[in-house]
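Okay, structure first, notes after.
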Amino acid sequence: MARQWNFFAGDDMERSYKKRALLERVMEYVFLAAACVSVLCVALICAFLLANGLPAMGEIGVLKFLSGTRWKPGADIYGIFPMIVGSVYVTAGALLLGVPVALLTAVYLAFFCPKGLYRVLKPAVELLAGIPSVVYGFFGIVVLVPAVRALGERWDGSGNAMLTASILLAIMILPLIMRTTEEALKAVPDSYREGSFGLGAGRVRTVFRIILPSAVPGILAGIILAIGRIVGETMAVIMVAGNQPRMPKGILQGVRTLTGNIVIEMGYATGLHREALIATGVVLFVFILLINLCFSALKRGEKA
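Under our numbering, read the sequence shown as residues 716 to 1019, first letter to last.
Here's what the structure looks like:
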């Protein structure tokens, strides 16, 4: 009886093993199909942008399109250089304002924040990431625009300006940079900290001289992701930036970004005007692609 039971038990184990193997094989194909769908979506987007944007660039002239300083669709004049410069300025301003605050907050949460206060601050920081862009835009209109208008009265500033957009975007990227920075800081081995303490270094010196430099790859990855968020943001920027298609002359003057240019005019654009907006999307797509390539290179360097 014991031998017969062992025989049937072994048979059941073999069938169970075959079922698991079949399930794993099926799931491999499911995962492969999902990956192929994702790649196909990206390929279709690239094909659509290139097929509709490159002919417009060829008709307008690539250099004229990229370096032109005038955008007048009614006269068939399409130069997006002011929008490129506006996007770069707004991105740089948001990083200058947001990155230091995010880094210092992450350091505080990771090493100096009491546990009771951490349970309050951490969810509050995470809540910032879930606020819709249009709500940020309303906050910018009600709070930031009047503040910047009061600051720029002597320069005839309206409040809808590059500075306003930079401040708003700096607030929007705080949770992303703080989360990635905190994770990078906590990922540094404890032996680094213990060795620093053993050599007589204080807590602050250990954090800023040992742990923070060791977490630089992870911090840079978060900053690059934040740049992608800034460049791709549309609704909040449209509501506070002023949307003037001209070369930026100061931080208290209005500015138009690449994404804002597309959204504002796509609803009524036809013919070459519409194709020029799609070509603007091609430029934006290439910019985002370069950011992602930088992120991938950083990740490879971190693993190495």
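By construction, the Cβ of each residue, glycine as well, lies at the ideal position given by its N, Cα and C atoms.
Residues V840, L843 and A844 of the same chain have their beta carbon placed closer than 6 Å to that of P890, with the five preceding and five following residues left out of the count.
Taken through DSSP and simplified to helix, strand or coil, V814 comes out as helix.
Put simply, the backbone Cα of H988 is about 23 Å away from that of V803. As the crow flies, the alpha-carbon of T949 is around 18 Å from that of G874.
Short of 6 Å from the beta carbon of E897, and not among the five residues preceding or following it, lie these beta carbons of its own chain, in chain order: A821, L824 and A825. Looking at the backbone, the Cα of N1007 and that of A941 are separated by about 11 Å.
Taking a C-beta distance under 9 Å as the contact criterion, I799 and V998 qualify as a contact pair.
Distance from the CA of D905 to the CA of G933, rounded to the nearest whole angstrom, comes to 17 Å. Sequence-distant Cβ neighbours of V860 in its own chain, meaning closer than 7 Å and more than five residues away, are G874, N875, T879 and V955.
The secondary-structure analysis by DSSP pairs V970 across a beta bridge with G957.
Bounds of the alpha helix (DSSP H) holding A885 are M877 to A902. The continuous stretches of alpha helix (DSSP H) do not include R924, and DSSP gives it neither H nor E. When the Cα atoms are used, I1003 and G801 turn out to be separated by approximately 16 Å. Rounded to whole angstroms, the Cβ separation of G768 and I977 is 11 Å, and the two are not in contact under 8 Å.
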